[in-house]
Structures are given as structure tokens and as C-alpha cells.
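J.: The opening residue of the sequence shown carries number 10 in the numbering used here; numbering runs sequentially from there.
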Amino acid sequence: MRAERILIVEDEPVVALDLRQTLEGIGHEVCGIHSNVISAVHAVELHHPSLVLMDIHLQGPGDGIDACQMIYEKWKVPVIFLTAYVDEKTVSRAACAKPFGYLSKPYKVMELNAAIQVARSRHDVEIALCKAEEKLAIAIEAAELGTWEWTSLQDEIEGDERFWRIWGSGLQSAEMPLSAMLDQIHPEDLPEVKTVLEAPGFFKSEFRVLRDNGEHAWFEMYGNLGLKPPDQQILIGALRDVTLRKEMEERLQQASVVFRATAEGILILDADGIVISINPAFTRLTGFVESDAVGQHPAVFLLNRRDQDLSYNDIAKIPSGFWSGEVAFKCKDGRILPVLQHICVVRDNRGTVVQYVQTLSDISAIREAERQLAHLAYHDPLTGLGNRYLLDQRLETELERAKQHHGNVAILFIDLDGFKSINDSMGHHVGDRVIKEIAIRITSAMRRNDEAIRLGGDEFVVIAPDLRQSIETIGIANKILSTVLEPFNMEGQQLVVGASIGMARYPEDGETPAQLLSAADSAMYEAKRLGKGQICAYSSNLVENVRTRINIEQSLHGALERGEFVVYYQPIVDLYGLKLIGFEALLRWQHPILGLLEPEKFINITEENGSIAPIGAWVLKSAVNQIVEWNHRYDTQLFISINISSVQFRRSEFLTELKALLMKSGISPHLLEIEVTESMLQDFHASSKIVQAMRDLHVCVAIDDFGTGFSSLALLKYLSVTRIKIDRSFIVSLPGTGRDVGLVSGIMQMANSLELEVTAEGLETPEQVGLLRAMGCPAVQGFFFGKPWSIEEYTEGWISSKIKKGGFATKEPSK
Numbered sequence: 010m011r012a013e014r015i016l017i018v019e020d021e022p023v024v025a026l027d028l029r030q031t032l033e034g035i036g037h038e039v040c041g042i043h044s045n046v047i048s049a050v051h052a053v054e055l056h057h058p059s060l061v062l063m064d065i066h067l068q069g070p071g072d073g074i075d076a077c078q079m080i081y082e083k084w085k086v087p088v089i090f091l092t093a094y095v096d097e098k099t100v101s102r103a104a105c106a107k108p109f110g111y112l113s114k115p116y117k118v119m120e121l122n123a124a125i126q127v128a129r130s131r132h133d134v135e136i137a138l139c140k141a142e143e144k145l146a147i148a149i150e151a152a153e154l155g156t157w158e159w160t161s162l163q164d165e166i167e168g169d170e171r172f173w174r175i176w177g178s179g180l181q182s183a184e185m186p187l188s189a190m191l192d193q194i195h196p197e198d199l200p201e202v203k204t205v206l207e208a209p210g211f212f213k214s215e216f217r218v219l220r221d222n223g224e225h226a227w228f229e230m231y232g233n234l235g236l237k238p239p240d241q242q243i244l245i246g247a248l249r250d251v252t253l254r255k256e257m258e259e260r261l262q263q264a265s266v267v268f269r270a271t272a273e274g275i276l277i278l279d280a281d282g283i284v285i286s287i288n289p290a291f292t293r294l295t296g297f298v299e300s301d302a303v304g305q306h307p308a309v310f311l312l313n314r315r316d317q318d319l320s321y322n323d324i325a326k327i328p329s330g331f332w333s334g335e336v337a338f339k340c341k342d343g344r345i346l347p348v349l350q351h352i353c354v355v356r357d358n359r360g361t362v363v364q365y366v367q368t369l370s371d372i373s374a375i376r377e378a379e380r381q382l383a384h385l386a387y388h389d390p391l392t393g394l395g396n397r398y399l400l401d402q403r404l405e406t407e408l409e410r411a412k413q414h415h416g417n418v419a420i421l422f423i424d425l426d427g428f429k430s431i432n433d434s435m436g437h438h439v440g441d442r443v444i445k446e447i448a449i450r451i452t453s454a455m456r457r458n459d460e461a462i463r464l465g466g467d468e469f470v471v472i473a474p475d476l477r478q479s480i481e482t483i484g485i486a487n488k489i490l491s492t493v494l495e496p497f498n499m500e501g502q503q504l505v506v507g508a509s510i511g512m513a514r515y516p517e518d519g520e521t522p523a524q525l526l527s528a529a530d531s532a533m534y535e536a537k538r539l540g541k542g543q544i545c546a547y548s549s550n551l552v553e554n555v556r557t558r559i560n561i562e563q564s565l566h567g568a569l570e571r572g573e574f575v576v577y578y579q580p581i582v583d584l585y586g587l588k589l590i591g592f593e594a595l596l597r598w599q600h601p602i603l604g605l606l607e608p609e610k611f612i613n614i615t616e617e618n619g620s621i622a623p624i625g626a627w628v629l630k631s632a633v634n635q636i637v638e639w640n641h642r643y644d645t646q647l648f649i650s651i652n653i654s655s656v657q658f659r660r661s662e663f664l665t666e667l668k669a670l671l672m673k674s675g676i677s678p679h680l681l682e683i684e685v686t687e688s689m690l691q692d693f694h695a696s697s698k699i700v701q702a703m704r705d706l707h708v709c710v711a712i713d714d715f716g717t718g719f720s721s722l723a724l725l726k727y728l729s730v731t732r733i734k735i736d737r738s739f740i741v742s743l744p745g746t747g748r749d750v751g752l753v754s755g756i757m758q759m760a761n762s763l764e765l766e767v768t769a770e771g772l773e774t775p776e777q778v779g780l781l782r783a784m785g786c787p788a789v790q791g792f793f794f795g796k797p798w799s800i801e802e803y804t805e806g807w808i809s810s811k812i813k814k815g816g817f818a819t820k821e822p823s824k
């Protein structure tokens with residue numbers, strides 16, 4: 010038996026002392042004797058007894074029952090009543106105080122001792138139960154569980170405050186049947202919940218419930234279904250809101266899917282930077298499988314760490330706990346893979362580093378695109394040669410190097426001859442192929458350290474550093490020129506493209522990139538002026554030629570509107586009747602500073618800057634109107650022959666404009682002759698349609714400068730031209746050698762056999778008149794019969810006399 014520390018509350022001193030002796034006799038300790046409620050309560054608070062033996066009727070206010078309730082509620086000290094009153098009222102009141110024993114006086118020592126032991130045992134049980142309930146309450150509170158109970162007899166749900174708070178206001182805590190709770194469960198989950206609630210024993214279920222706000226929450230329910238006779242079901246359970254957990258599980262599941270399916274490689278590392286997990290994308294990117302990576306430090310198998318690279322500990326010290334940067338990884342097969350790397354620090358609630366998450370994005374495609382863009386930024390897309398940006402960069406670099414080492418740099422400015430006619434006549438697709446072939450040829454003729462640049466169109470520049478003597482520059486230029494001049498086949502035709510090359514050297518001809526390029530450009534234009542296909546070195550007097558060209562380019566703007574262009578007319582003579590049969594219209598420019606300029610001075614520039622179209626249309630209109638006026642005045646049928654440029658010939662509006670001019674002017678179409686060159690007919694498919702369209706309008710078509718182009722004579726068979734004009738280079742050599750005479754005679758015979766009209770150009774001597782007449786040439790033009798004159802120079806008397814047969818004397822000099 011355990012000794013108790015007992016407080017006696019008894020208002021009769023003799024009884025109290027006897028009780029004290031009895032208690033001490035059986036081994037208990039008495040810590041005090043009190044006779045009223047107030048002193049007894051104070052003694053309990055002061056002495057902390059383990060048991061109180063309490064009389065019911067005490068001195069002063071209150072009695073033992075009141076004291077019993079106060080003592081147990083406040084200090085949980087068990088109380089045993091020792092009283093002489095056993096009436097029903099007293100016993101009933103005492104029972105409400107829930108004492109731990111009730112002994113009526115007189116009592117035996119054995120009864121007292123038994124009552125004390127029973128009280129102690131019951132109190133120990135209650136204390137243990139209280140502690141267990143307290144622990145359970147703490148556990149329920151920590152688990153955020155709401156408890157509930159239901160019996161089939163009453164069909165009412167009884168739940169604690171948390172239970173009703175979890176369910177929300179949708180259920181009321183008074184007289185709520187089980188069916189009302191089930192009505193709020195999601196229809197998809199309801200069958201399973203009903204099943205588990207109907208099976209006896211322990212159950213667990215997760216389900217969704219409709220909240221007051223219209224959203225569904227996830228609940229987790231634990232409980233037990235028991236049976237209580239007679240046939241009564243009892244459900245006791247606990248409920249928890251697991252919505253947040255479900256959301257986290259869903260997010261974890263999504264994260265798991267992302268981890269497996271993302272295109273980015275992911276490494277999970279522990280706090281020491283050792284790999285603990287990789288995703289499939291990492292294997293696809295690097296070739297390393299899980300067995301290669303797990304347990305390794307990335308620096309060992311993946312990355313050669315450099316001194317400037319941050320360690321994982323360094324990244325952990327960054328306030329944001331995040332680092333991003335570009336690195337190069339070694340793949341399993343030895344490839345170097347450029348990646349954008351992100352490293353994120355994972356910490357626990359205390360801020361301690363527990364993991365690192367390292368993601369890798371393959372940026373090899375981006376770097377390749379950047380490389381290609383950089384190449385495009387500095388290279389010509391058609392030829393692969395450098396462009397103007399690379400020219401500026403490379404030339405500046407070479408000049409700086411030459412300054413430091415007292416070296417030299419040569420610039421070769423290359424402009425193709427005859428390319429424009431090929432481009433215009435055969436189409437840009439052929440022109441592009443020609444440019445590509447020329448670029449290959451130029452590159453093949455250079456030295457290894459030289460740089461070829463395409464400025465655009467048909468212009469190229471070659472940078473040639475470290476040339477000891479100027480003769481070496483000439484050698485490179487000659488090699489390029491001879492290579493370019495080699496014929497090549499294009500769409501079944503043999504084409505030849507020439508080149509004009511200008512040369513300039515550092516430091517003699519310029520000390521800056523701009524000065525050198527300007528000098529080489531000037532030399533190139535001088536090579537053009539000298540007859541093309543030439544190589545010309547820069548000299549100071551070329552500056553004036555360049556200035557003249559610039560002046561012409563600038564003066565062309567508005568020249569047509571200012572009325573500076575003039576049409577000159579050269580007579581075309583019937584060689585047998587020696588009479589005037591027509592005129593060739595020739596363009597002149599009355600330049601306000603340079604004076605009267607012939608077409609070769611400015612026509613190429615008009616074609617380059619696009620002004621040839623309005624100028625050509627003006628010439629066509631002026632010449633047609635003039636011949637109509639002369640024919641009307643002199644009652645004759647003179648024809649007018651007009652040259653058109655390749656740009657005019659290819660314009661889609663040309664035929665429309667020509668048809669409108671015929672209708673408006675009233676000229677008979679057969680009196681209008683359009684002159685084209687052989688180079689304009691190179692693209693037979695396109696040119697034949699244009700020529701035929703003019704012939705459908707009954708306009709005559711002549712091939713000018715015949716014999717100087719590259720076209721096949723077979724073109725004459727299939728093109729519906731009406732006349733060929735023998736180039737003056739063949740006529741001025743007459744009478745010359747037998748070969749000269751035979752060449753012109755052969756052209757005449759060919760024309761006769763094809764039923765083509767013929768005009769010989771450049772007639773200057775009586776001997777030439779006799780030879781051509783003997784060959785059967787029907788029409789001629791040249792200084793012998795008249796130079797090109799302006800309208801004002803043609804008098805009525807001159808024209809009147811010349812339209813008559815014999816109007817021209819074969820031996821008189823031209824006017």
C-alpha cells in the first residue's frame with residue numbers, strides 16, 4: 010500500500026484526532042486538520058495533500074460538498090466523505106460533487122483503508138485518462154482533426170467544433186442526419202464513401218465536398234463502424250481537410266511530369282554538390298545515364314571547372330540563392346555542348362542548404378544561328394564573299410598593321426563589263442549564277458591572305474596586303490582579269506564577261522580606307538573610259554575624271570524637266586536612188602557646264618540610276634512627232650529609227666506606252682523602226698515575245714551594231730526582225746583587205762537570203778559608196794551623206810531637195 014499525504018477536514022476535534030491516529034497507524038501522513046471550508050481550501054493550496062477526508066457538515070459558511078467540488082475542480086485532489094448523514098438528500102447532493110468515496114460514521118479501520126486505496130486507484134486511473142485525453146486532444150489539434158459520432162437509432166451527427174468548422178455552414182450542428190452530410194459529397198466520390206461507411210470495422214476514405222463558396226474541398230475521414238444491441242449502428246470518426254495536401258500532391262505530380270518530360274536537362278544535387286538524380290532530358294542532351302552521374306560531382310564528369318567559375322557554396326551565399334550563366338559541357342561522346350545553366354539553392358525551414366537544382370538548356374542552335382547571323386552580317390549571301398562591313402573592318406585592320414610594320418596594302422576595284430546586258434536580257438536568275446561563278450574565279454586567282462569583297466551588283470574589291478612591289482599588284486590584277494575573261498556556258502549559251510580593274514596602294518595613294526577605296530574606284534572608272542577590259546593604276550589626274558562623273562550624276566536629276574535633252578537626226582539614204590528615206594534619232598544632252606554631250610558620256614549612268622525610262626520615253630515621243638510633222642509638211646513617207654535601251658526593252662509598260670504613242674501620234678506603224686542590240690536578245694524566250702508584240706503592231710525592228718555582239722546568227726531565223734544595221738567598225742575599214750570586203754559581203758548575202766533590210770553605218774568615203782552599192786546594200790548612213798543635226802539645222806530646202814531621187818551627190822562632201 011502506498012502511503013498518502015492526507016488532509017483531514019472535521020469540525021469535531023475528538024473525531025479529528027482519532028482519525029489522525031488511525032491514519033498514521035496504518036502508515037499514512039496527516040498534513041493538517043481543519044474544521045471549515047475556507048481553511049480547508051487554503052490548506053489544500055498550501056500543503057498539496059494527495060487525499061482529503063472531508064466531513065459534510067462543517068463550521069461556518071458552506072459545507073463539505075461545496076469544498077469537495079472546489080478542491081477537485083481546482084487541484085484535482087480526490088475527496089472521500091466521512092459523515093454521519095446518509096439521508097437521501099445529502100447523499101444525492103454528495104453524488105453531484107463526484108467524491109472518490111462515501112463512508113458513514115462510525116466506520117471500521119479496514120473500511121477506511123479500503124476506501125483510501127479505491128480512491129487512490131480511481132484517481133490514478135482518472136489522471137492517466139486525463140493525460141491520455143490531453144495527449145489525444147493535442148494530437149487531434151496537431152492533426153487538425155474534427156471528431157464526430159453518429160448512431161442509427163437517433164440518426165443525428167454529433168461533432169466537435171472543428172468538425173463543424175471543417176464542413177462549413179452547409180451542415181448545422183443540431184439534429185443533422187447522416188444523409189445531409191452525404192448530400193454534400195461529390196457525386197463521383199459518393200459511392201465509395203457509402204461503401205466504406207456500410208462495412209463494419211475501421212475505415213478510411215478520401216472524397217470531395219462542395220463548400221459554401223461553390224468550390225470543392227478534399228476531406229480525409231477515419232473512423233469505425235460498430236454494432237450495439239439491439240441492431241444499432243454506431244459510427245465514430247475523425248475528419249480532416251486535406252485540400253492543401255491534395256493541391257501539393259497535384260503540383261508534385263505535375264512537377265514530376267515536368268521533370269520527366271521537359272526538354273531541359275535537370276540535375277538534383279545534395280548539399281555537398283553530389284548528383285542524386287537526373288531526368289531523361291539530361292541523358293538526351295549529354296549522353297550520360299543515371300549510373301554515370303549519380304554519386305558524382307558535375308565538375309568531375311561534366312564540366313572542367315575554371316578558376317572564375319562559382320562553386321555551389323559560393324552560389325549558396327548569394328542572397329537570392331540563384332545563379333544563371335552560360336557554360337560549355339562535355340558530352341559522353343566528347344562533344345562540347347553550349348548550355349545556359351541555372352542553379353537554384355533549396356533550403357529547409359531553418360535556412361540550411363539541403364539540395365541544389367541545376368537545369369541545363371541547350372543553346373547550340375542559338376549559337377549556330379548567331380554564328381550564321383554574324384556570317385550574314387559580314388558576308389554577301391549570294392557569293393559568300395565578304396560584304397561592305399567586312400571590307401571596312403578588314404581594311405582598317407590591314408592598314409593599322411601596315412602602319413605598325415611599315416608595310417603596304419593594295420586595293421583592286423573590279424567592275425564587270427557586259428554584265429548588265431546579260432542580266433537584263435537573260436534574267437536575274439542567270440545574272441546571279443554569273444556573279445557566283447565570277448566570285449569563284451576571283452577567289453581562285455587571289456593569294457591565301459587576300460580578301461575578296463562583293464560591294465553589290467557587279468562590283469568587287471580585293472584587299473591584297475604585304476605586296477613588296479607594285480608589279481605584284483599588277484600580277485594579281487592580270488591573273489584575275491584573265492580568269493574572269495574565260496568563257497563559260499550558261500543555259501546552253503557561251504557567255505563572256507569582261508572586267509575593268511582599278512588599283513590603289515597604301516600609303517602612296519591614300520592613308521585611310523575611304524581614301525584608298527576612292528582612289529581605286531577612280532582608277533576603275535578610268536579603265537572603263539579607256540575601253541573596258543583594262544587595268545588602271547591610280548594617279549592624281551584621275552580625280553578630275555571622277556569629279557566629272559559625279560557632276561554628270563548630279564546634273565541628271567531634273568535635266569529632262571529643265572529641257573536640257575535634245576534629239577539629233579542623222580539621214581538614212583537609199584544608196585541606189587541617192588535620196589532621203591528616213592532618219593535615225595540620236596539623243597544629246599546640252600549640259601549647262603560641260604556643253605553638248607553624246608550618249609556614251611551619260612547613258613550608262615541613266616541606266617544605273619533609273620532615269621533612262623522617262624528619258625527614253627521622251628525621245629521616242631519627240632522623234633515620232635517630228636517625223637509625223639515632216640511627212641505631213643513634205644508629203645512624203647520618211648521612216649524614223651530610234652534606239653531603245655535594254656531597260657526600256659524589258660519594262661512591262663513599254664509595249665503599252667508604244668501602242669498609245671502610235672494611236673495618239675497618228676504615225677503609220679511601218680514608218681517607226683525600233684533599234685535593239687544583240688545583247689538585248691540573249692534571253693531568246695523573253696525577247697522573242699517582245700519583238701513579236703512590236704511586229705504585231707506593224708512596227709519595224711532592227712538589230713543595231715550587228716556583228717559586234719555574242720548572239721547566235723540563228724536568232725535571225727527565229728526572231729521576226731525586219732532590218733540589220735551593219736556596225737560602222739566593219740564599214741570604216743573598207744576598202745581594206747579582201748577579208749574586210751568579204752566579211753561585209755557575207756553579211757549582205759545572209760541578209761538577202763533571210764529577206765532582211767540592211768543599213769550600213771559609218772559611211773565616209775566615195776570608195777565605200779561604190780563598194781556597198783556593188784554589194785547590193787540598199788541603205789546607208791554616215792558622215793558622207795550627213796552628220797546628226799538638230800531640228801533647227803535642217804532647212805526646208807535641204808529636206809525638200811534630198812527626198813527627191815538623186816538628191817545626194819556621190820562625190821560631194823557632207824554638210
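Virtual Cβ for every residue (Gly too), placed ideally from N, Cα, C.
Looking only at its own chain, which residues have a Cβ that is under 8 Å from the Cβ of Ile-483, when we skip the five neighbours before and after it?
T.: Hits under 8 Å: Met-512, Ile-544, Ala-546.
J.: For the alpha helix (DSSP H) containing Ile-449, list its first residue and its last residue.
T.: Where Ile-449 is concerned, the enclosing alpha helix (DSSP H) stretches over 437-453.
J.: Between Val-362, Arg-376, Ile-324, which lies nearest to His-844 when the distance is taken from Cα to Cα?
T.: Any answer about residue 844 is impossible in this case: the structure gives the chain only from 10 up to 824.
J.: Determine the direct distance from the alpha carbon of Ala-146 to that of Gln-364, and round the result to whole angstroms.
T.: C-alpha separation (whole angstroms): 36 Å.
J.: Could you tell me which residues DSSP puts in a beta bridge with Ala-473?
T.: According to DSSP, Ala-473 bridges with Ala-419.
J.: Would you mind stating whether Asn-591 and Phe-648 have Cβ atoms separated by less than 8 Å?
T.: In the sequence as presented, Asn is not what sits at residue 591; that position holds Gly. Contact flag set, yes.
J.: Just confirm the distance between the C-beta atoms of Pro-836 and Gln-402, as a whole number of angstroms; I'd bet it's less than 8 Å.
T.: The structure shown has nothing for residue 836, since the chain only spans 10 to 824.
J.: With distances taken from CA atoms, which of Leu-605, Leu-671, Val-266, Ala-594 is nearest Gln-797?
T.: Per the sequence shown, the amino acid found at residue 797 is Pro instead of Gln. Comparing Cα-Cα distances from Pro-797 to each of Leu-605, Leu-671, Val-266, Ala-594, the minimum goes to Ala-594.
J.: So Ile-451 and Phe-469 are in contact, right, with Cβ under 8 Å, and what is the actual spacing, rounded?
T.: Correct: roughly 6 Å between the Cβ atoms.
J.: Tell me the rounded alpha-carbon separation between Ser-654 and Ala-486.
T.: Whole-angstrom Cα-Cα distance: 31 Å.
J.: Below 8 Å CB to CB, which residues in the same chain sit around Thr-31 once its five sequence neighbours on both sides are set aside?
T.: For Thr-31, where only same-chain residues beyond five positions count, the Cβ hits under 8 Å are Val-118, Leu-121.
J.: Under 8 Å, with one C-beta from each stretch per pair, do the segment 560-576 and the segment 756-769 reach the 3-pair mark?
T.: With a cut-off of 8 Å, the segment 756-769 and the segment 560-576 do not count as touching, because too few Cβ pairs lie within range.
J.: Mark Ser-688 as exposed unless 16 or more other C-beta atoms lie within 10 angstroms of its C-beta, in which case mark it buried.
T.: With 16 or more Cβ atoms within 10 Å of its Cβ, Ser-688 is classed as buried.
J.: So the beta strand (DSSP E) Tyr-231 belongs to, where does it begin and stop?
T.: It spans 225-237 - the beta strand (DSSP E) in which Tyr-231 sits, taken as one unbroken run.
J.: Going by DSSP in three states, Cys-139 sits in which element: helix, strand or coil?
T.: Correct three-state label for Cys-139: helix.
J.: Could you check whether Tyr-577 and Arg-597 sit closer than 8 Å to each other, using their CB atoms as the reference points?
T.: In contact: Arg-597 and Tyr-577 (Cβ atoms closer than 8 Å).
J.: With DSSP as the reference, label His-694 as helix, strand or coil.
T.: In this structure, His-694 counts as helix in the three-state DSSP scheme.
J.: Can you tell me which of the three DSSP states Thr-271 falls into?
T.: Note: Thr-271 maps to coil in three-state DSSP.
J.: CB Gln-193 to CB Leu-219, shorter than 8 Å?
T.: Yes, they are a contact pair.
J.: In the structure shown, what three-state DSSP assignment does Phe-794 receive?
T.: Of the three classes helix, strand and coil, the one that applies to Phe-794 here is coil, per DSSP.
J.: So, for Ala-12: in the same chain, excluding its five sequence neighbours on each side, which residues have a beta-carbon less than 8 Å away from its beta-carbon?
T.: Answer for Ala-12: Gly-36, His-37, Glu-38, listed in chain order.
J.: Return the first residue and the last residue of the beta strand (DSSP E) that Phe-658 is part of.
T.: No beta strand (DSSP E) contains Phe-658, which is instead part of the alpha helix (DSSP H) from 655-659.
J.: In or out: Ala-25 buried (at least 16 other Cβ within 10 Å) or exposed?
T.: Ala-25 should be labelled buried.
J.: Can we say the segment 762-778 touches the segment 629-637, given the rule of at least three CB pairs closer than 8 Å?
T.: The segment 762-778 is not in contact with the segment 629-637.
J.: Quick check on DSSP: helix, strand or coil for Ala-123?
T.: Reduced to three states, the DSSP call for Ala-123 is helix.
J.: Starting from Glu-153, trace the beta strand (DSSP E) both ways and give me its first and last residue.
T.: First-last for Glu-153: undefined, no H or E at that position.
J.: DSSP state of Leu-780, grouped into three classes?
T.: Helix at Leu-780.
J.: Quick check on Gly-747: does DSSP put it in helix, strand or coil?
T.: DSSP places Gly-747 in helix when its eight states are reduced to three.
J.: Around the C-beta of Asn-498, are 16 or more other C-beta atoms found within 10 angstroms, so that it is buried, or is it exposed?
T.: Looking at its Cβ environment, which holds fewer than 16 other Cβ atoms inside 10 Å, Asn-498 is exposed.
J.: Could you pull the DSSP bridge partners for Gln-350 from this structure?
T.: In DSSP, Gln-350 forms a bridge with Gly-334, Leu-369.
J.: If you drop the 5 nearest sequence neighbours on each side, which residues of the same chain put their C-beta closer than 7 Å to that of Ser-674?
T.: Cβ neighbours of Ser-674 beyond the five flanking positions: Val-633, Asn-634, Val-637.
J.: How about Thr-292 and Phe-338: are their beta carbons less than 8 Å apart?
T.: Cβ atoms of Thr-292 and Phe-338: not closer than 8 Å.
J.: How big is the Cα-Cα spacing for Gly-246 and Ser-214?
T.: Each residue's alpha carbon lies about 11 Å from the other.
J.: Here's the rule: buried if 16 or more other CB atoms are within 10 angstroms of the residue's CB, otherwise exposed. What is Gly-343?
T.: That one is exposed.
J.: Helix, strand or coil: how does DSSP classify Asn-652 here?
T.: In this structure, Asn-652 counts as strand in the three-state DSSP scheme.
J.: For the segment 533-583, which segments carrying the alpha helix (DSSP H) assignment without a break, of at least 4 residues, lie completely within its bounds, in sequence order?
T.: The qualifying runs are 551-565.
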